[in-house]
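First the structure, in the form of structure tokens, and then the observations on it.
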DNA sequence: CAGGATCCGTTTAGATACTG
DNA sequence: CAGTATCTAAACGGATCCTG
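Protein chains in written order, with full-length UniProt numbering: chain A, 1 to 114; chain B, 1 to 114.
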């Protein structure tokens, strides 16, 4: 039997963001703030394979962070964008970023208290 | 060649917290707010093996989140506690927790806008 | 007591080829 | 265009036994 993820909200949220490409995908969708095509994501993340891109998008969609809309035209088109709740993650992502910048600076200075 | 982790601070910080037991360990050290022995951690995390516990502690120590102090007495004793910078992670961990609680509530209500 | 060493199954990422 | 399917390799977590 697998060890179940406990019910700590932090662990649940972190697990939703764990995946090699989820933050890069998030950042790209956040910055552009409009529906983005599958092929645009692929072009923007040069070293990702289709299998992985699709996998990460499916997981983000399953967790309600992004929304997917398919336009089955002669040239099939699929667009992704952040959901409202996904977009609201920025409140803590910004805090993480701030902490990270400080941490990285401290490291470079040799961790002198600051 | 491994794909390098890019220089996004969010990715760096999240990678420091990725590991099955890092948040549970963090929470225990944070809550107690004093040096905690290896065996206490082990008792508090019943389903963790020594190998994994040691691994996760080493990584947290390497990333400057916790500090390790060894007392080589007749009965060897090792204590762990959060570093100052580790303890300061609480500012974003609390935000993640808040977001998670809201997200979980929304999920239970069926994602009605809120 | 607090590990280290070894082995092993699962998960994750990636390369490549094929398809509606 | 936007995926599947298949295969391989590396990372991760865990069980078990050994040790200063």
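The beta-carbon is built from N, C-alpha and C at its ideal position, and this holds for glycine as well.
No experiment lies behind these values; they were computed from the predicted model shown.
Could you check the C-alpha separation between residue i and residue j for me, to the nearest Å?
i, j, result
"residue 31 of chain A", "residue 55 of chain B", "37 Å"
"residue 34 of chain A", "residue 102 of chain A", "31 Å"
"residue 70 of chain A", "residue 78 of chain A", "4 Å"
"residue 98 of chain B", "residue 96 of chain A", "14 Å"
"residue 63 of chain A", "residue 21 of chain A", "15 Å"
"residue 29 of chain B", "residue 82 of chain B", "6 Å"
"residue 104 of chain A", "residue 59 of chain B", "17 Å"
"residue 36 of chain B", "residue 75 of chain B", "16 Å"
"residue 114 of chain B", "residue 10 of chain B", "Residue confidence is low: residue 114 of chain B scores 43 on pLDDT, short of 50, so the model does not pin down where it sits. Its coordinate-derived value is still stated next. Cα to Cα, the separation comes out at about 26 Å."
"residue 86 of chain B", "residue 41 of chain A", "34 Å"
"residue 91 of chain A", "residue 73 of chain B", "47 Å"
"residue 18 of chain A", "residue 80 of chain B", "26 Å"
"residue 116 of chain B", "residue 6 of chain A", "What is shown of chain B runs 1 to 114, which leaves residue 116 of chain B out entirely."
"residue 8 of chain B", "residue 89 of chain B", "17 Å"
"residue 16 of chain B", "residue 84 of chain A", "27 Å"
"residue 94 of chain A", "residue 109 of chain A", "23 Å"
"residue 107 of chain A", "residue 51 of chain B", "28 Å"
"residue 49 of chain B", "residue 43 of chain A", "43 Å"
"residue 12 of chain A", "residue 100 of chain B", "7 Å"
Mind listing the chain B neighbours of residue i? Cutoff is C-beta to C-beta under 9 Å, in chain order.
i, result
"residue 13 of chain A", "96, 97, 99, 100, 103"
"residue 18 of chain A", "14, 18"
For my contact list, residue i and residue j are in at a C-beta cut-off of 8 Å; report their separation, rounded to the angstrom.
i, j, result
"residue 23 of chain B", "residue 14 of chain A", "7 Å"
"residue 53 of chain A", "residue 66 of chain A", "The pair is not a contact, with the Cβ atoms about 12 Å apart (cut-off 8 Å)."
Closer than 8 Å: is that where the CB of residue i sits relative to any heavy atom of the ligand MN?
i, result
"residue 94 of chain A", "The ligand MN is not part of the structure shown, which contains no ligands of any sort."
Going along chain B, which residues have a C-beta under 7 Å from residue i?
i, result
"residue 85 of chain A", "103, 106"
Residues of chain B with CB closer than 8 Å to the CB of residue i, please, in chain order.
i, result
"residue 93 of chain A", "10"
"residue 23 of chain A", "8, 10, 11, 14"
Just to make sure I have the definition right: I need the residues of chain A whose C-beta is within less than 8 Å of the C-beta of residue i. Which are they?
i, result
"residue 49 of chain B", "None at all; the shortest Cβ gap to chain A is about 11 Å."
query = What residue ranges within the UniProt domain "HTH hxlR-type" (8-108) of chain A form continuous beta strand (DSSP E) runs of no fewer than 3 residues, ordered along the chain?
reply = Runs of the beta strand (DSSP E) inside the UniProt domain "HTH hxlR-type" (8-108) of chain A: 66-71, 77-82.
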